[in-house]
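Inspection log for the structure reproduced underneath, given as structure tokens.
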Amino acid sequence: MKALKAYKYRLYPTSKQEEFIQKTFSCVRLVYNLMLQDRIDIYKEMRKNPQQTFKMPTPAKYKKQYPVLREVDSLALANAQVYLDRAFKNFYREKGMGFPKKKKKETVHSYTTNNQHGTVKILDNRYLKVPKLKSLIKMKVHRQPLGEIKSVTISMSASHNYYVSILCEAPIETKTKQQKMVGICSSREKFALLSNGESFEKSYCSKHLKQKLRQEERKLNKRKMIVLEKGVDLSQAKNYQKQKIKVAKIREKIANQRTDILNKITTELVSSYDVICIEKAHHSNERTPKHDRSELAWSLFLAKLLYKAQWYGKELICIESEEIETELSFSESTENSEYLRSQKILERGLSKRETL
Numbered sequence: 001m002k003a004l005k006a007y008k009y010r011l012y013p014t015s016k017q018e019e020f021i022q023k024t025f026s027c028v029r030l031v032y033n034l035m036l037q038d039r040i041d042i043y044k045e046m047r048k049n050p051q052q053t054f055k056m057p058t059p060a061k062y063k064k065q066y067p068v069l070r071e072v073d074s075l076a077l078a079n080a081q082v083y084l085d086r087a088f089k090n091f092y093r094e095k096g097m098g099f100p101k102k103k104k105k106e107t108v109h110s111y112t113t114n115n116q117h118g119t120v121k122i123l124d125n126r127y128l129k130v131p132k133l134k135s136l137i138k139m140k141v142h143r144q145p146l147g148e149i150k151s152v153t154i155s156m157s158a159s160h161n162y163y164v165s166i167l168c169e170a171p172i173e174t175k176t177k178q179q180k181m182v183g184i185c186s187s188r189e190k191f192a193l194l195s196n197g198e199s200f201e202k203s204y205c206s207k208h209l210k211q212k213l214r215q216e217e218r219k220l221n222k223r224k225m226i227v228l229e230k231g232v233d234l235s236q237a238k239n240y241q242k243q244k245i246k247v248a249k250i251r252e253k254i255a256n257q258r259t260d261i262l263n264k265i266t267t268e269l270v271s272s273y274d275v276i277c278i279e280k281a282h283h284s285n286e287r288t289p290k291h292d293r294s295e296l297a298w299s300l301f302l303a304k305l306l307y308k309a310q311w312y313g314k315e316l317i318c319i320e321s322e323e324i325e326t327e328l329s330f331s332e333s334t335e336n337s338e339y340l341r342s343q344k345i346l347e348r349g350l351s352k353r354e355t356l
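Heads up: the sequence shown runs through residues 1 to 356, numbered per UniProt numbering.
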């Protein structure tokens, strides 16, 4: 079986390479916003003249007006159109999806390009070759990517670190069947509790990192107040921007530790169980402190379980929290009965599996 698998690496571009990457970020954002505005205008015209036909814009339309678009990778611009098409499809097909919005300069720092006949390569386990850039970008390869490279996404984090995500089509080995099933629910004291009595801890990062983050965030707020009192624009306040990056680096480190732990937990689960029944949404019946909910990352945990179950031929059954609430009495659902809850999730999941 083959599946798409992404590998993420740290990049160390030179000043000239960084300039090219930043220019590509800007051009991708510009093309996305221009195409979005043109589509909005076309939609308004179609309402006035339903019989008239309109041609949807492409990135090539704007190159004459904006010559800078010729200086960057054309595939990156083409992918901006792909993402806009996807945004509109999601808007029309899925409930709750909002209308596509224009990309802001502060939030969009990435672009995607495709591998066409070897235009994307990893050379000497140290360098990355990408289209339109003549020089090679230094990278840290901590593990070898498997399979054929399909595309790469270069991004810049809030801490101003550069990364590349390499999407490969790689063979996936199916995990050995264990003939075991399990129910999983969220817990107040633990991250997750299993129906067999096992559990996973919440701790994603050290207390030292959490304490350091609180200290640096207080410094950031103080500097923000000083800048606002002086009437200076935050983007022009150098000390504020330096502190902002410092806070972003700590948050990034915490997020990386969280992702690492979730990867280990989900891999262990799909290796140990053939059928996994899990609570779809984090249970919030006053059982988990408010300040802990963001740290739990239950949705990320669920997403990782979903794609790993598909990869390795395991079965994942999601149970709505409301389905369990109706089966538990008020006393059972409020007196620290996570173990009973996880068993109910397993029972509900197995009955749901039989009806499919």
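Ideal Cβ positions, reconstructed from N, Cα and C, are used throughout, including at glycine. In this text, all values refer to a predicted model and were calculated from it rather than measured experimentally.
DSSP three-state assignment for residue i, whether helix, strand or coil
i    : result
K121 : strand
Y240 : helix
F88  : helix
K264 : helix
F200 : strand
V227 : helix
P100 : coil
N256 : helix
K222 : helix
L146 : coil
A76  : helix
V164 : strand
L133 : coil
M181 : strand
N33  : helix
T113 : strand
M46  : helix
I172 : coil
Y7   : strand
C27  : helix
Beta-carbon proximity list for residue i, same chain, < 8 Å, skipping 5 on both sides
i    : result
V31  : P59, Y62, L69, L77, A80, Q81
I172 : M1, K2, A3, K5, W311, Y312
E216 : Q243, K246, V247, I250
L213 : V247, I250, R251, I254
V141 : Y9, I122, N125, R126
M46  : Q52, F54
R218 : none
Y339 : L193, S195, G197
E134 : Per the sequence shown, the amino acid found at residue 134 is Lys instead of Glu. So no residue of the chain qualifies.
N90  : M97
Q17  : L133, S135, I137
Minimum C-alpha distance to residue i - residue among the options
i    : options                : result
L220 : S199, V227, F200, Q243 : Q243
T112 : V130, K101, K104       : V130
C56  : P67, R47, Q144, Y43    : Just to set this straight, residue 56 is Met in the shown sequence, not Cys. The residue with the shortest Cα to Cα distance from M56 is Y43.
K138 : I250, N125, K64        : N125
V108 : K140, M156, H117       : M156
E88  : Y9, Q37, E106, V72     : In the sequence under discussion, the amino acid at residue 88 is Phe, which differs from the Glu named in the question. Out of Y9, Q37, E106, V72, Q37 has the C-alpha closest to the C-alpha of F88.
A192 : A309, S135, L123, S337 : S337
T355 : I317, R341, K344       : I317
Y162 : V120, S110, D85, A297  : S110
I184 : R29, R93, R348         : R348
K180 : E315, L209, K48        : E315
F99  : Y66, R39, D260         : R39
For residue j and residue i, the rounded distance between their alpha carbons
i           : j    : result
I154        : K23  : 12 Å
T176        : S272 : 9 Å
Y240        : S159 : 13 Å
K222        : V247 : 13 Å
residue 361 : P50  : As displayed, the chain neither begins before 1 nor continues past 356, which places residue 361 out of reach and without an answer.
M35         : L346 : 48 Å
K102        : D41  : 14 Å
residue 375 : R341 : Shown here, the chain extends from 1 to 356; a query on residue 375 therefore has no answer.
Y83         : V164 : 18 Å
S15         : M225 : 33 Å
Q343        : D85  : 43 Å
G96         : W298 : 20 Å
Q211        : K238 : 24 Å
K308        : E268 : 10 Å
E94         : N33  : 22 Å
Residue i vs residue j beta-carbon contact at 9 Å
i    : j    : result
L167 : K2   : no
V270 : L350 : no
K207 : K190 : no
S187 : S199 : yes
L128 : L11  : yes
C205 : K253 : yes
S321 : K280 : yes
L302 : I278 : yes
L300 : R258 : yes
V152 : V120 : yes
R29  : K150 : no
Contacting residues, own chain, Cβ-Cβ under 7 Å from residue i (five flanking each side not counted)
i           : result
E148        : C168, E169
K132        : V72, D73
K304        : L262, N263, T266
L123        : K129, L136
residue 417 : Any answer about residue 417 is impossible in this case: the structure gives the chain only from 1 up to 356.
6 Å CB neighbourhood of residue i in its chain, flanking five on each side removed
i    : result
P145 : Y7, I166, C168
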